[in-house]
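**Q**
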Amino acid sequence: MYQLFFGLKEKPFRITPDPRFLYLSEKHAEALDHLTYGISQGEGFMVISGDVGTGKTTIIRSLTERLDASRIKTAIVLNPLLEIEDLLKTILEDFGLSPKGNSKKELIDQLNAFLLSLTRGGIKAVVIIDESQNLTSDLLEELRSLSNLETDQEKLLQIVLVGQLELWNKLNSPALRQLKQRISVNYCLEPLSLKETKEYISHRLSIAGSRGNLVFSTRALRLIHKVSRGIPRLINLLCDRTLLVLYLDQKTQVLPGHVRKAIESLRGGQRPTSVFREIFFRRLAFGGVGGLVIFLGTLSLLWLSPRNNTTLEATIISGEAPKTQSSVAPVRYSVHISSFRKEKLVEQAIEKIAREGLEAFGMAVQLPDTGTWYRILVGQYETREEAQNLANRLRENGLFPYSVVTSIPQRTPINKPEIKGSTP
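So the sequence shown is numbered by the working numbering: it starts at 854 and just counts up by one.
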């Protein structure tokens, strides 16, 4: 939305990791160097830990790009919530093999034979397990046993555990004492310093095509660092919103006031704990048409809760429902743009959107595991194609990149229909 105004080729502060935007702070570079050295020396276990959003995924991607693929084979496990047999199958498949058995012994034998063949060719094997804090103690102990696969000269398999800080709570347990003793590289990623935050922002702007006409004042940078606590993911969220505020103000220099407006526009959004370890903001602020636009942009940063195949029940909770007429054809589809935990926030949002002539309404969705979520939906259509066209436009303009089509009941008065869905 703001790229053309600032002369940027693309958005500089996207949430998704992109190797082109890689910025290695001193601590990140040290962690990467430690991992690279540990793998080159054939170390057994290595651990990289850090809080949510501190760049663990960046380290993994950088490591795999740095390693010589002709001399080091890597397997990456992204979902460690598995039984040992499933974990072994995942490792084999990521090494490019088809599992030839179902029992643990059969799978370990196949893995061992493969690793021996690599060793004979002078090739090392590394398994990287992301989100390792989700591994059970039993599964961690099984991984320790895999490190026993070795020849007289060297270990056949190296294992890198990457996870949140809770990982060390498990590794410090008496039951995993032997595993902890085998950890040769242990590095904890830290948030960026103020200096590194400045460099991080400047680096991303440069990669996105900035020619120096977009400037963050020193005080604005200090405020961004203070609020984000130097966590790269939060820096991205806040900087993206700040640029939107700056665009609405038709300015090219970011001042503390722009950052404060961005913070206000983000307040009230409830985000999953996989992104924020705490409730980052406490209330929602609106202000005129500009405030509405900022608010609409804010919704694009609110992740939908994890997908779930469980049947859900939802009720329309707010919004101006169309008048019921017997001749009105059923409407089956709408566009889901965001979800909130608090019903009051949805009602405020819908009221504001309605005053600008947009059709929006809310639905309460009951999830078995996480309780009630409140959806905001836009538009009501008879065909999925019509709704998909709207969703595409909302995503393309950058305001609602997570817009998805969802089925809804026919046009009926508030608090009457029930629907089934897969997300809150």
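We treat Cβ as the ideally placed atom computed from N, Cα and C, and that holds for glycine.
Treat the numbers as computed from the prediction; the structure is a model and nothing was measured.
Just to confirm the assignment, what range does the beta strand (DSSP E) spanning Lys-926 have?
**A** 925-930 is the extent of the beta strand (DSSP E) around Lys-926.
**Q** Is it buried or exposed, Ser-998, if we count other Cβ atoms within 10 angstroms and call 16 or more buried?
**A** Exposed, by the Cβ-count rule.
**Q** Would the stretch 1034-1050 count as touching the stretch 925-933 if we require 3 or more Cβ pairs under 8 Å?
**A** No: the two stretches stay apart, fewer than three of their Cβ pairs being nearer than 8 Å.
**Q** Suppose the cutoff is 7 Å on Cβ atoms and the five residues either side in sequence are ignored; what does the same chain contact list for Leu-968 look like?
**A** Excluding residues within five positions, the ones whose Cβ falls inside 7 Å are Ala-978, Leu-1002, Leu-1009, Leu-1010.
**Q** Below 8 Å CB to CB, which residues in the same chain sit around Lys-1023 once its five sequence neighbours on both sides are set aside?
**A** Cβ neighbours of Lys-1023 beyond the five flanking positions: Gln-986, Leu-988, Ser-990, Leu-993, Leu-1029.
**Q** Beta-carbon separation of Pro-865 and Ile-1077 under 8 Å?
**A** No. Outside cutoff.
**Q** Alpha carbon to alpha carbon, how far is Val-1199 from Thr-911? Give it in angstroms, no decimals.
**A** Distance between the alpha carbons of Thr-911 and Val-1199 is about 34 Å.
**Q** Go to Val-1013, then tell me how far its beta strand (DSSP E) extends in each direction, as first and last residue.
**A** Per DSSP, Val-1013 belongs to the beta strand (DSSP E) from 1011-1016.
**Q** Per DSSP, which one or two residues make a beta bridge with His-1189?
**A** Leu-1230, Val-1257, per the DSSP bridge assignment.
**Q** With a threshold of 7 Å on Cβ separation, who are the neighbours of Lys-880 within its own chain once the five nearest residues in sequence on each side are excluded?
**A** Excluding sequence neighbours, Lys-880 sits near Leu-1042, Glu-1043.
**Q** Counting C-beta neighbours from all protein chains within 10 Å, is the total for Ser-1260 16 or more, i.e. buried, or is it exposed?
**A** Exposed, since its Cβ has fewer than 16 Cβ neighbours within 10 Å.
**Q** When the Cα atoms are used, what is the spatial distance from Ala-1138 to Ala-1115?
**A** With a pLDDT of only 31 at Ala-1138, under 50, the local geometry of the prediction cannot be trusted, and no value is derived from it.
**Q** Starting from the C-beta of His-1056, find all residues in its chain whose C-beta is less than 7 Å away, skip the five residues before and the five after it, and write them out in chain order.
**A** If we look at His-1056 and ignore the five residues flanking it on each side, its Cβ neighbours are Tyr-876.
**Q** Between which two residues does the alpha helix (DSSP H) carrying Ala-1028 extend?
**A** Careful: Ala-1028 lies outside any alpha helix (DSSP H) and carries neither H nor E.
**Q** Please classify Gln-856: does DSSP put it in a helix, a strand, or coil?
**A** Correct three-state label for Gln-856: helix.
**Q** If you count every other CB in all the chains shown that lies within 10 Å of the CB of Thr-907, and 16 or more means buried, which is it?
**A** Per the 10 Å Cβ criterion, buried.
**Q** Got a sec? Which residues, its chain only, sit under 7 Å from Tyr-855 by beta carbon, not counting five neighbours each side?
**A** Cβ within range, chain order: Leu-1096, Leu-1097, Tyr-1100.
**Q** At which residues does the alpha helix (DSSP H) containing Asn-1089 begin and terminate?
**A** Note, Asn-1089: alpha helix (DSSP H), 1085-1101.
**Q** One question on the structure: do Val-1107 and Ser-1070 come within less than 8 Å of each other, judged by their Cβ atoms?
**A** Going by C-beta atoms, Val-1107 is nearer than 8 Å to Ser-1070.
**Q** Among Val-905, Asn-955, Ser-902, Leu-885, which residue has its Cα nearest to the Cα of Glu-918?
**A** It is Leu-885.
**Q** Under a three-way DSSP split, which group does Lys-977 fall into?
**A** Correct three-state label for Lys-977: strand.
**Q** Note down the Cα distance separating Val-1080 from Leu-971, rounded to an integer number of angstroms.
**A** So the two alpha carbons sit approximately 48 Å from each other.
**Q** Which residues does DSSP pair with Ala-1213 in a beta bridge?
**A** According to DSSP, which records beta bridges pairwise, Ala-1213 is partnered with Val-1231.
**Q** Starting from the Cα of Leu-916, find the closest Cα among Ser-893, Leu-935, Ile-937, Gly-897 and give me that residue.
**A** It is Ser-893.
**Q** Considering only DSSP beta bridges, list what Phe-967 is partnered with.
**A** According to DSSP, which records beta bridges pairwise, Phe-967 is partnered with nothing at all.
**Q** Use the C-beta contact count for Leu-857: other C-beta atoms within 10 angstroms, 16 or more gives buried, fewer gives exposed.
**A** By the neighbour-count rule (16 or more Cβ atoms within 10 Å), Leu-857 is not buried but exposed.
**Q** Compare the beta carbon distance of Thr-794 and Leu-1074 with 8 Å and say whether it is the shorter of the two.
**A** Nothing can be reported for residue 794: it is not among the residues displayed for the chain, which extend from 854 to 1277.
**Q** So what does Glu-1003 bridge to, in DSSP terms?
**A** Note: Glu-1003 sits in a beta bridge opposite Lys-1008.
**Q** Drop a sphere of 10 angstroms on the beta-carbon of Glu-984, count the other beta-carbons inside from all chains shown, and report buried for 16 or more, exposed for fewer.
**A** It is buried - the Cβ of Glu-984 has at least 16 other Cβ atoms within 10 Å.
**Q** What first and last residue would you give for the alpha helix (DSSP H) that runs through Ser-893?
**A** 879-893 is the extent of the alpha helix (DSSP H) around Ser-893.
**Q** Taking Tyr-1186 as the reference, which of Trp-1226, Glu-1235, Leu-1247 has the closest Cα?
**A** Checked all of Trp-1226, Glu-1235, Leu-1247; the closest Cα to Tyr-1186 is Glu-1235.
**Q** Closest to Ser-1037 by C-alpha separation, out of Leu-1014, Pro-870, Glu-1019, would be which residue?
**A** Checked all of Leu-1014, Pro-870, Glu-1019; the closest Cα to Ser-1037 is Leu-1014.
**Q** Please confirm whether Ile-913 and Ile-981 have their CB atoms less than 8 Å apart.
**A** Cβ distance < 8 Å, so Ile-913 and Ile-981 count as in contact.
**Q** Kindly indicate which three-state DSSP category Tyr-1040 falls into: helix, strand or coil?
**A** The answer is strand: DSSP assigns Tyr-1040 an E or B state.
**Q** Can you check which of these residues, Lys-1033, Leu-1090, Arg-1082, is closest to Lys-1048 by C-alpha distance?
**A** Out of Lys-1033, Leu-1090, Arg-1082, Arg-1082 has the C-alpha closest to the C-alpha of Lys-1048.
**Q** Go ahead and label Gly-903 buried or exposed: buried means 16 or more other beta carbons lie within 10 angstroms of its beta carbon, across all protein chains shown.
**A** Buried is the call here.
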